[in-house]
Amino acid sequence: MILQVTFLFISGGEIAFILFIAIMVFGADKLPEIARGLGQGMRTLKDATNDIKHEITKTAEKSGIDTSITKDVKKELDKVKEDLEDFTGSVKRKF
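Structure below.
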């Protein structure tokens, strides 16, 4: 049986082709700079999102709004995820 690695429904050959085109367009010396910039941008976006979440939660608690419902919903979602993983554990796809 041949195992094939896929990432976001893209095969290894397609990823290699995309990398080849990126190297041809930007050059091998610019790719690390581009990747670093993308990484920093993603980190900044994540930090901003976490700050907004924290600020909303803090304001809601200060205003007396019940924030425990989000914890209850998270617990229920985690329980459903576990049940789904238990159910699909033996039915996972094999490539």
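Quick note: the sequence shown, position 90, residue 90 per UniProt numbering, numbers continuous.
In this text, a Cβ means the ideal position worked out from N, Cα and C, and glycines have one as well.
Nearest-angstrom Cα separation, counted from residue j out to residue i
{"i": "K46", "j": "M24", "result": "31 Å"}
{"i": "E76", "j": "S68", "result": "13 Å"}
{"i": "K74", "j": "S11", "result": "34 Å"}
{"i": "E85", "j": "D78", "result": "10 Å"}
Three-state class that DSSP yields for residue i in the structure shown
{"i": "I10", "result": "strand"}
{"i": "A28", "result": "coil"}
{"i": "I52", "result": "helix"}
{"i": "I69", "result": "helix"}
{"i": "G39", "result": "helix"}
Contacting residues, own chain, Cβ-Cβ under 8 Å from residue i (five flanking each side not counted)
{"i": "E61", "result": "T67"}
Close beta carbons around residue i, own chain, < 7 Å, minus the five adjacent residues each side
{"i": "E55", "result": "none"}
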